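A short worksheet on the structure shown next.
In full-length UniProt numbering, the protein residues as written are 1 to 692.
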């Protein structure tokens, strides 16, 4: 067999397979399986006295991988380092260059934004040297995070509890969650009223609401104010004014990392970590079958803060939209608007070819891959389409100087809405009601006027999507940091998730309280944003990384000394459960474990009795007829249902059983989640009930 002339090293085997097929027989493509060197886990690994020099070691388990890479490197005429096109990828390439004795100033680095045949071949025509500014930026971030984590964490272990950590970005995220919880706890609801009406004109019923008096908007605070308005109303309402407008609605920009995570959470119920994992699979390549081109990258690089689209992709989208929907659906070329501070290193997240529509790939993608790809494809296509046009109508209705207003709209031209409409965290208050034909001077009959009392609501707790959006708006973290940040604060038990919303734990509150007192800059938003800007300036070659770390460490070292001396030991007491241990009679307490709260005997370590916290759902076990069905959680935090007599009874169900049998066959009925809500189904026969 003829020896390969060139060695190409990427991070993952999936990516290696895809690229090797495009490059041909002269190229051997190997995977480094991510980073091969890193700072040691057992020590800080940074020589503070020697300009913060990092001490890198081979990552445990990578010995065989490196041995294989060295063997291939010896035979190759030239080595190309083709890790991902970001700071982490540049650092991986730099480490590999040092290990394999590749001259980092030679043209050994190859980068591409998408794994397609044309993009790969073009990138190998234009190799470059390793970008040391990018490497320094990654190294500075790694060392800075190591200093914060490995210096503060041991103090927290001594004073609070083992296993705690205090990272830069994670601490700010946790502080945001805690501040929101304080807002909620301190919130004082205020009373306010609305008056809603149902009006009739020529058999057409429409709705309107109180606006004000004599054309001036007025809010209603009390029942007395409402009564005064109600007493003023007399007889029919007249149409005082009709305002008709045409309104354009522009499509959303194509996805960046943060907006993809937010929309996947809203529309697909994906956690940030899951979104990035599936996006990585779509980027690295999916086997489409021989006829469709084999293993192919389906989307562009998924860690980006830019909404920029290449001219080639724009033209391809234009032709596709015109052929599928017509020329009038093609959007005008709009400039992409990046948020302030965006690095703009890569394009937006888009399909590598718009002609690979989701339906054509359904058979080769997993359910989750299909759903995420469909979201990315639709968002991109919609972003290149014409605005939607809506006809809006506002009607001013008056009665004894009291004014009500009714609004309605209808879609005149669908435009981008034919393909995709962006989700939102807020309730959609836009009216899509079509009002009857009304003109000034007409009279309408008030069929119903209803006063309604309301109270202002506290701000909502953060969902993953809302927190990512807030971090992005504040300029905290970068595209690659959002998912691991949210994962860390949950693994450390600083927060719990309830109905997809973050609630801080007592442990999380204690950690932030200590950081506020002894390390205020770590949780200060402005400080963290400034640090992110400094890291970006290293990447741009404007600042030296050692001087930035040194400037931070001078104050940080003083705070460490103070914390060591003055931080008092804090004991987090276990919460009593109100039941006794059946083994020894001592009180059971709630403890926090790796997978959430559980019950444990307070007489530990003499008694090691532990029990899961079981939530009964009021249904008898259909299998043993003796136990009760309880809600449990899997190791991946997924809810399932089982018998409380486990292991004596092994009944389990992912779907929630209900307390009545099937009317057809007497088997167990369960609630099954479907697209439109919840449907009751039989586990044995075809019996189904209407979706609730």
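Even for Gly, the Cβ is constructed at its ideal location relative to N, Cα and C.
Note that the structure is a prediction, hence the values are computed from the model and not measured.
Residue from the options whose Cα sits closest to the Cα of residue i
i           : options            : result
residue 128 : 106, 597, 185      : 106
residue 237 : 445, 452, 154      : 445
residue 207 : 27, 449, 463, 567  : 449
residue 644 : 638, 615, 661, 658 : 615
residue 64  : 33, 538, 679       : 33
residue 136 : 632, 656, 554, 537 : 537
residue 569 : 284, 330, 582, 155 : 155
residue 679 : 657, 665, 664, 667 : 657
residue 587 : 634, 603, 111      : 603
residue 577 : 647, 585, 140, 589 : 589
residue 186 : 96, 315, 545, 459  : 459
residue 28  : 8, 125, 496, 46    : 8
residue 547 : 357, 355, 140      : 140
residue 494 : 178, 71, 68, 76    : 178
Cβ distance (whole Å) where residue i is taken to contact residue j below 8 Å
i           : j           : result
residue 476 : residue 143 : Incorrect: roughly 19 Å between the Cβ atoms, too far for contact.
residue 131 : residue 88  : About 13 Å separates the two Cβ atoms, so there is no contact after all.
residue 629 : residue 617 : 5 Å
residue 262 : residue 469 : 6 Å
residue 489 : residue 461 : About 14 Å; that fails the 8 Å criterion.
residue 115 : residue 23  : That pair is no contact at about 12 Å.
residue 79  : residue 108 : 6 Å
residue 235 : residue 401 : Not quite, the Cβ-Cβ distance comes to about 13 Å (not below 8 Å), so this is no contact.
C-beta contact flag for residue i and residue j at 8 Å
i           : j           : result
residue 621 : residue 649 : yes
residue 264 : residue 361 : no
residue 693 : residue 572 : This structure cannot settle anything about residue 693, because the visible part of the chain is limited to 1 through 692.
residue 252 : residue 308 : no
residue 100 : residue 83  : no
residue 518 : residue 559 : yes
residue 365 : residue 286 : yes
residue 146 : residue 48  : no
residue 297 : residue 257 : no
residue 196 : residue 452 : yes
residue 405 : residue 209 : yes
residue 292 : residue 396 : no
residue 420 : residue 367 : no
Start and end residues, beta strand (DSSP E) containing residue i
i           : result
residue 447 : 443 to 455
residue 95  : Element bounds for residue 95: not the beta strand (DSSP E) but the alpha helix (DSSP H), 87 to 99.
residue 196 : 191 to 201
residue 407 : 402 to 413
residue 498 : 495 to 498
residue 633 : 628 to 633
residue 240 : 237 to 249
residue 681 : 677 to 682
residue 205 : 204 to 213
Pairwise C-alpha distance: residue j and residue i
i           : j           : result
residue 306 : residue 259 : 11 Å
residue 677 : residue 170 : 35 Å
residue 610 : residue 275 : 35 Å
residue 429 : residue 223 : Confidence at residue 429 is low in this model, with a pLDDT of 45, below 50, so the placement of that residue should be treated as unreliable; the coordinate-derived value is given next. Going from the Cα of residue 429 to the Cα of residue 223 covers about 25 Å.
residue 381 : residue 321 : 8 Å
residue 311 : residue 113 : 14 Å
residue 300 : residue 533 : 26 Å
residue 729 : residue 392 : Past the edges of the chain, shown from 1 to 692, lies residue 729, and the structure says nothing about it.
residue 30  : residue 687 : 53 Å
residue 370 : residue 672 : 22 Å
residue 341 : residue 414 : Annotation note: pLDDT 47 at residue 341 (below 50); position unreliable, coordinate value reported separately. Whole-angstrom Cα-Cα distance: 34 Å.
residue 16  : residue 10  : 6 Å
residue 204 : residue 231 : 26 Å
residue 389 : residue 214 : 32 Å
residue 59  : residue 38  : 6 Å
residue 134 : residue 646 : 55 Å
residue 324 : residue 249 : 21 Å
residue 631 : residue 327 : 54 Å
residue 175 : residue 506 : 13 Å
residue 579 : residue 691 : 40 Å
residue 653 : residue 642 : 6 Å
Unbroken alpha helix (DSSP H) run spanning residue i, endpoints
i           : result
residue 673 : Careful: residue 673 lies outside any alpha helix (DSSP H), inside the beta strand (DSSP E) at 668 to 674.
residue 157 : 132 to 159
residue 388 : From DSSP, residue 388 is part of no alpha helix (DSSP H) but of the beta strand (DSSP E) over 388 to 399.
residue 576 : Residue 576 -> not in any alpha helix (DSSP H); beta strand (DSSP E) instead, spanning 575 to 580.
residue 119 : 117 to 125
residue 535 : 525 to 539
residue 485 : 482 to 491
residue 65  : 63 to 75
heavy atom of the ligand NAP below 7 Å from residue i C-beta
i           : result
residue 361 : Within the structure as shown, the ligand NAP is missing, as the structure has no ligands at all.
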